[in-house]
Every structure is written in C-alpha cells, then in structure tokens.
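Visitor: Heads up, the sequence shown is in our numbering, so the first residue is 27 and it goes up one at a time.
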Amino acid sequence: MKWLSGIIIIVLSLHVGAKEDKAGYEDCILAHVSRTEDTLAANLMTYACHRLYIDNFMLSEQDQGYYQCLLEYMPDAKKAEITLQIKRTCNDKHRSLFR
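1) For T109, does the count of other Cβ atoms within 10 angstroms reach 16, so buried, or fall short, so exposed?
2) Given L78, which residues of its chain have a CB within under 6 Å of its CB, disregarding the five upstream and five downstream residues?
3) By the 10 Å Cβ neighbour count, where 16 or more other Cβ atoms means buried, how is T65 classified, buried or exposed?
4) Going by DSSP in three states, I100 sits in which element: helix, strand or coil?
5) Residue range of the alpha helix (DSSP H) that R61 falls in?
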C-alpha cells in the first residue's frame with residue numbers, strides 16, 4: 027500500500043509540472059488554424075494547439091514534434107487528401123518506430 031501512495035504522489039507532482047498556457051493556445055489558433063481552408067486540417071491543428079498548450083501532461087518529445095510538424099505544414103492545406111498526407115508524413119517522421 028505504501029508503494030501506491032508513492033505512485034500517487036509522483037503522478038500528482040508530474041501533473042503540477044504540466045503548464046496550461048491559455049494565451050499560447052490562443053496565439054497558436056490565430057497563427058495556424060485561421061489560415062487553413064480545410065475543415066479536417068483546422069480540427070487537427072486545433073487539437074495540436076490544445077495538446078501543446080493546454081493538455082500537455084506527459085506529452086512525449088515525439089508527440090511534441092508530431093504536433094509541431096502538423097502546425098508547420100498544415101495551414102496551407104486546401105483538401106482533405108493533402109491534410110491526411112501531411113498527417114501521415116508527420117506521424118512517420120516523429121512517431122514511427124522504424125525511423
């Protein structure tokens with residue numbers, strides 16, 4: 027039972043270390059999402075902004091790179107096919123086990 031309380035303390039301390047940055051989130055939306063014409067790209071970038079600035083608890087370096095990649099390349103997407111190709115490429119580049 028002692029180990030369980032130790033785990034809870036560690037998890038709580040990690041959660042405290044995660045910062046919610048509402049201003050950063052809003053800036054992210056304005057800088058990236060407002061430029062796109064594709065609804066799917068807008069949704070994926072909104073989620074990326076949320077993960078990077080609001081719900082960043084235990085965000086891995088690979089996930090951070092993936093979300094940054096989406097934000098860098100998706101704003102100019104005009105079709106869902108292009109959006110999906112960018113998503114696959116960012117995933118392969120940052121999350122793939124076979125890099």
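For every residue, glycine included, the Cβ atom is placed at its ideal position computed from N, Cα and C. These numbers come from a predicted model, not from an experiment.
Guide: On the basis of the data shown:
1) For the purposes of this step, residue 109 is identified with residue 83 of the sequence shown, where counting begins at 1. Burial call: buried.
2) Reading the sequence shown from its first residue, position 52 is the one you call residue 78. Correct list, in chain order: Y93.
3) What you label residue 65 is simply residue 39 of the sequence shown in a count that begins at 1. Looking at its Cβ environment, which holds fewer than 16 other Cβ atoms inside 10 Å, T65 is exposed.
4) Here residue 100 is taken as the residue at index 74 of the sequence shown, counted from 1. First, the residue type needs correcting, since residue 100 is Met and not Ile in the sequence shown. Note: M100 maps to coil in three-state DSSP.
5) Against the sequence shown, residue 61 aligns to sequence position 35. Per DSSP, R61 belongs to no alpha helix (DSSP H) and is neither H nor E.
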